[in-house]
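S.K.:
Numbering (this note's numbering), first residue to last: 1470 to 2064.
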């Protein structure tokens, strides 16, 4: 328990708000008013750290602050105000703003006035609903302006792509204290879409691009459809930029249809990438990847890769076909030769796989993914046999089916600060060879991200992962396909595979039950640097539906350096529960958040 104290203390230090000397207000606000209104006026007037040198400077600041206060009052619906700038008699003098806001004006009956030919009844009804300015509500300027934008968007959504708003008329009636807006909207003509006008110069097959359009020729214009086509193209990852826009009105065809213009700026056709990782438990590793983009002229990606490390060495090829057979569906297939060496087993093999992922949802960060697939591996596994502690070699053919569901409601796919994710994975498996066995491997994981401030500079992140293998005992399941815990992506503070049951010679045995959890407090220090403290726990069980007999926990701290997209992560952790001879400190260096 003593080792937990430094993690708790560090967490408190990270969460403690920094103290700094507040700047001097540009002017002191005086007068009776609603506290919320006072806060708004004070914020608009703002602060300054420049000292006042004389009364002339103080009076100038008071007049400027009074103008800002008037703007704030009007924006909040206070039109019968009285605002007087003044200067105190103190030395040095202080600028003052004396405010009597008067009553807040209320909304009158907002109306729509159509300039030119009005749109059809459906669009008119949608525009009225979009106003959403009930009479009697506060006459805030921001609400009045926002309603105009909603009206134009609602009309455009119904096919009137050229709808615009002309200057609105707003009547401020001091007699009955009301603000009544009239919106002047020109809907234009109903636009029907043609096909795509694709700018020349791209390596992509135009026929493939055209089949991605979520509309048919003659359909009414919908800005969401145009945005969806742009997103589908961007999702492929082979373009530096994508522009999708409705053609100007002068490009309307003789049949009355308007094309959509698509411009694709393709990234370099080939790239070479390299990476490295290190941890005290898993050693060093390097990898290289050569990627060719759009070789088949349909936004495809072909990659050759190689990886060498103490634990996992492999080489292979991957092919990715986005928007395969239908939009929002990706085919990923590949083959690899691998050699895995761990404390629990050694495995050499070759495998092929094919997965199809279907994406649901139109928002970048409110998405769901469903994946189905299959793989076949031929491998040789060498492990230690329980009881006799003799070497056991198995030559196996492993056939797996895959079903995977991911619900992503986080605000960022790489470094989230709010929201949650939930995933579930089922792998029906059949092994034949030296062992013949069908079994089911199931894993579920949830993560949650809670910001502690509005800016997301301090975040509490949590993770829970559960796994179970059905229809197989530990002895029947090959060592390479059991559950293990410990290491940088599991329970930090313990070496790789160190959490869970062990054989008499301390070889990790693995299990058929897995539970892992993590709590991490992340705090931004500067724009580039951040820090974290964390506690991880995990258990691997060899029998029963739930088995926490080997529960272990580690705690630590880390620093992150923001590369702009993902951070470089350096973590230090120590075992705090169920230490069995492990080193006192483990270090991990990697790219990306821990979860």
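All C-beta atoms, glycine included, are put in the ideal place defined by N, C-alpha and C.
(1) Sort 2008, 1613, 1826 by Cα distance to residue 1641 and report the nearest one.
(2) Please name the residue in 1606, 1599, 1936 whose C-alpha comes closest to that of residue 1622.
(3) Measure the alpha-carbon distance for residue 2045 versus residue 1963 and round it to whole angstroms.
(4) Report all residues from its chain with a CB closer than 6 angstroms to the CB of residue 1911; omit the five preceding and five following residues, and keep chain order.
(5) Start and end of the beta strand (DSSP E) containing residue 1511?
(6) For the alpha helix (DSSP H) containing residue 1996, list its first residue and its last residue.
(7) Near residue 1764, what residues of its chain come up, given a Cβ to Cβ distance below 7 angstroms and the 5 sequence neighbours on each side ignored?
(8) Sorted by chain position, which residues of the same chain lie with C-beta nearer than 7 angstroms to residue 1490's C-beta, five sequence neighbours on each side aside?
(9) How long is the line joining the alpha carbons of residue 1992 and residue 1854, rounded to whole angstroms?
(10) Entirely within the stretch 1803–1862 and at least 3 residues each: give me those beta strand (DSSP E) ranges in chain order.
(11) Counting only runs that start and end within the stretch 1945–2012, where is the beta strand (DSSP E) found for 3 or more residues in a row?
(12) Terminal residues of the continuous alpha helix (DSSP H) containing residue 1693?
(13) Can you tell me the Cα-Cα spacing of residue 1702 and residue 1711, whole angstroms?
(14) Is it the case that the Cβ atoms of residue 2042 and residue 2021 are separated by a distance below 9 angstroms?
(15) Using a 10 Å radius around the Cβ and a threshold of 16 neighbouring Cβ atoms, would you call residue 1949 buried or exposed?
(16) What does the Cβ neighbour count give for residue 1525, buried or exposed, with the cut at 16 atoms within 10 Å?
(17) For residue 1982, which residues of its own chain have a beta-carbon under 6 angstroms away from its beta-carbon, when the five flanking residues on both sides are left out?
(18) Please indicate yes or no: does the CB of residue 1793 lie closer than 8 angstroms to some heavy atom of the ligand GDP?
(19) Using the beta-carbon count (16 or more within 10 Å), is residue 1974 buried or exposed?
(20) Kindly provide the ranges of any beta strand (DSSP E) runs that are 3 or more residues long and lie completely inside the stretch 1626–1689, ordered along the chain.
(21) Residues in its own chain within less than 7 angstroms of residue 1842 by CB, not counting five upstream and five downstream?
(22) Would you be able to state if there are at least three C-beta pairs under 8 angstroms between the stretch 1805–1819 and the stretch 1679–1698?
(23) Tell me which residue opens and which closes the alpha helix (DSSP H) that residue 1538 is part of.
(24) Answer with buried or exposed for residue 2033, where buried requires no fewer than 16 other C-beta atoms within 10 angstroms of its C-beta.
(25) Excluding sequence positions up to five away, which residues of its chain have a Cβ less than 8 angstroms from the Cβ of residue 1996?
(26) Between 2000, 1625, 1829, which lies nearest to residue 1655 when the distance is taken from Cα to Cα?
(27) Measure how close the beta-carbons of residue 1899 and residue 1868 come, nearest whole angstrom, since I'm counting them as under 8 angstroms.
(28) Out of 1521, 1674, 1686, 1586, which has the shortest C-alpha to C-alpha gap to residue 1653?
M.R.: Quick answer:
(1) Numbered from its first residue, the chain shown carries residue 1641 at position 172. Checked all of 2008, 1613, 1826; the closest Cα to residue 1641 is 1613.
(2) On the chain shown, position 153 is the one that residue 1622 refers to. Of 1606, 1599, 1936, the residue nearest in Cα terms is 1599.
(3) Here residue 2045 is taken as the residue at index 576 of the chain shown, counted from 1. Here residue 1963 is taken as the residue at index 494 of the chain shown, counted from 1. Going by the C-alpha atoms only, they are around 10 angstroms apart.
(4) In the chain shown, residue 1911 corresponds to position 442, counting from 1. Excluding sequence neighbours, residue 1911 sits near 1895, 1937.
(5) Your numbering for residue 1511 matches position 42 in the chain shown. Segment 1504–1514 is the alpha helix (DSSP H) holding residue 1511; no beta strand (DSSP E) there.
(6) The residue given as residue 1996 occupies position 527 in the chain shown. Here residue 1996 belongs to no alpha helix (DSSP H), and DSSP marks it neither H nor E.
(7) As a first step, residue 1764 must be located in the chain shown, where it is residue number 295. So the list reads 1771, once near-sequence residues are dropped.
(8) One-based indexing of the chain shown puts residue 1490 at position 21. Annotation note: pLDDT 43 at residue 1490 (below 50); position unreliable, no value reported.
(9) Stepping through the chain shown from its first residue, residue 1992 is reached at position 523. Stepping through the chain shown from its first residue, residue 1854 is reached at position 385. Approximately 46 angstroms, taken between the alpha carbons.
(10) 1814–1832, 1835–1853
(11) 1982–1993, 1998–2010
(12) As a first step, residue 1693 must be located in the chain shown, where it is residue number 224. Looking at the DSSP string, the run of the alpha helix (DSSP H) that includes residue 1693 is 1692–1704.
(13) For this step, residue 1702 is matched to residue 233 along the chain shown. For this step, residue 1711 is matched to residue 242 along the chain shown. Cα to Cα, the separation comes out at about 7 angstroms.
(14) Here the question's residue 2042 lines up with position 573 in the chain shown. Here the question's residue 2021 lines up with position 552 in the chain shown. No, Cβ-Cβ distance for residue 2042 and residue 2021 is not below 9 angstroms.
(15) By one-based count along the chain shown, residue 1949 stands at place 480. When all chains shown are included, residue 1949 counts as buried.
(16) To locate residue 1525, count along the chain shown from 1; it is residue 56. Classification for residue 1525: exposed.
(17) Reading the chain shown from its first residue, position 513 is the one you call residue 1982. Once the five neighbours on either side are set aside, the close Cβ partners of residue 1982 are 1937, 2010, 2016.
(18) Looking at this structure, you won't find the ligand GDP or any other ligand, since it has none at all.
(19) By one-based count along the chain shown, residue 1974 stands at place 505. Residue 1974 should be labelled exposed.
(20) 1633–1642, 1647–1655, 1661–1667
(21) By one-based count along the chain shown, residue 1842 stands at place 373. Here the set comprises 1822, 1823, 1824, 1825, 1871.
(22) no
(23) Within the chain shown, numbered from 1, the residue matching residue 1538 stands at position 69. That run of the alpha helix (DSSP H) goes 1524–1544.
(24) The residue given as residue 2033 occupies position 564 in the chain shown. Label assigned to residue 2033: exposed.
(25) Translated into positions along the chain shown, residue 1996 becomes position 527. The residues are 2031.
(26) Here residue 1655 refers to the residue found at position 186 when the chain shown is read from its first residue. Nearest C-alpha to residue 1655: 1625.
(27) Taking the chain shown and counting its residues from 1, one reaches residue 1899 at position 430. Taking the chain shown and counting its residues from 1, one reaches residue 1868 at position 399. Confirmed, Cβ separation roughly 5 angstroms.
(28) Sequence index remark: in the chain shown, residue 1653 carries index 184 (1-based). Closest option to residue 1653, Cα to Cα, is 1586.
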